[in-house]
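FYI, in our numbering the residues of the sequence shown are -14 to 308.
Backbone N, C-alpha and C fix where the C-beta goes; we use that ideal spot for every residue, glycine too.
Each remark here refers to the structure printed beneath this line.
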Amino acid sequence: MAEELKAMLRHANWIIFELWQLWILTSREAAAKRVPQAVVLLLYKWRMVGIPNRNSEDARPIAIASCIVRCWHSALNQQLPDPPNEQWCGKKASGVVEACADWLRLPSDAGSEQDLAKALDLVGPDVAQTALRWHGAAEEVVATLALGWSGERYCHVRGEVARPIAPTRGLPPGDPPSPKVLAFVIAPWHGLVERQTDCKTRAYMDDRSLKARRRERRNANRKRMAGPGPRTGEEMEPESEVSEAEVERQQQQVSAAIDITARFDEAIGLKENVKKRQLWTRDQKVEHLGLRCQGGAEANSADVAAPEGSSAGHNQKVGKAPG
């Protein structure tokens, strides 16, 4: 289908122009709530297939629509606002490496990694539309995406196509705007946690991170090695450990943030995958976006604590780290 569209663009571009005009009209009619259900059923037929997960017997569902729908939704996705600063998925010129580097910058001795269970499947259409409007999305974009969310889903089970399902909730996985929409849906979580606790929040799609801020500073003063002649090196003075009271304070802050997270998820219909929750303190190992590292290790924080715009080399180091 994609090759056919390219051929039409080369040899009969008037058809592409007419398709564009029809989509513009459809989006305007959607905003006015005048699109017949029969048109929705013709436009939006999502085929749900399973993509095997790496190193796992499980499969991840993905929704496939017509090439015409995917092209228009890609265009609508470009009209959406940028995701919140705390959300790294969908940011321009950034990825997992940059997200990990930013996460390691914050000195901390306690934190948590959390994962949403079936995040896209549980998002309600009313919640998603409210989140988009709150962040300034155009009504034509919101209404058109809402039409797509109501489209029938055809699931493939063991090579057979099941009867169509009329969804009551859920964002189609694989639809270009879905990651941004999820980012807007969980955006209030960042403010709730950071206003009520001494924790910093970060998210990458449905993976959420909590890090308590360290209020005690470690002593790590450098001094020149003794001896005459030119400087030949440095030695580190022993670090003074963060007090047990400070570590306990940070753990309490993380625990409070987790309670706030649970209440927020329940309020909007989401659910945490508790089996995947990770709690760590000090130099315990933790998996963060596929990297296994020490969340509270001062060495890791120092490696990436460079000024903005000068972290390219550090990001490369993080990308090559074992994990």
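Item                                                                                                                              : Value
Simplified DSSP assignment, three categories, for Ile171                                                                          : coil
Collapsed DSSP secondary structure at Val34 in the structure displayed                                                            : strand
Among Leu10, Cys184, Gln72, nearest to Val232 - alpha-carbon criterion                                                            : Cys184
Cβ shell of Leu274 (< 7 Å), same chain only, five flanking positions each side left out                                           : Val81, Ala84, Cys85, Tyr189, Asp192
Limits of the unbroken alpha helix (DSSP H) element including Arg234                                                              : 229 to 253
Which residues DSSP lists as bridging His141, in chain order                                                                      : Val146
Contacts around Gly121, its chain only, beta-carbon distance under 7 Å, and the 5 residues preceding and following it disregarded : Pro66
Test item: CB-CB of Ser93 and Gln235 under 8 Å                                                                                    : yes
Gly96 - containing beta strand (DSSP E), residue span                                                                             : 95 to 100
Sub-8 Å separation of Val108 and Gly176 beta-carbons                                                                              : no
Ala44 (DSSP reduced to helix, strand or coil)                                                                                     : strand
Helix, strand or coil at Met(-7) according to DSSP, with G and I counted as helix                                                 : helix
Simplified DSSP assignment, three categories, for Gly218                                                                          : Model confidence at Gly218 stands at a pLDDT of 47, short of 50, so the residue's coordinates are unreliable and nothing is read from them.
Spatial distance of Ala123 from Gly136 (CA atoms)                                                                                 : 21 Å
Residue environment, Pro162, which counts as buried when at least 16 other CB atoms sit within 10 Å                               : buried
Integer-rounded CB distance, given that Leu195 should sit under 8 Å from Gly96                                                    : 5 Å
Extent of the continuous alpha helix (DSSP H) to which Trp311 belongs                                                             : With the chain represented from -14 up to 308, any question about residue 311 goes unanswered, as that position is not in the structure.
Proximity of Glu257 and Glu98 at Cβ, strictly below 8 Å                                                                           : no
The alpha helix (DSSP H) enclosing Cys74, as first and last residue numbers                                                       : Here Cys74 belongs to no alpha helix (DSSP H), and DSSP marks it neither H nor E.
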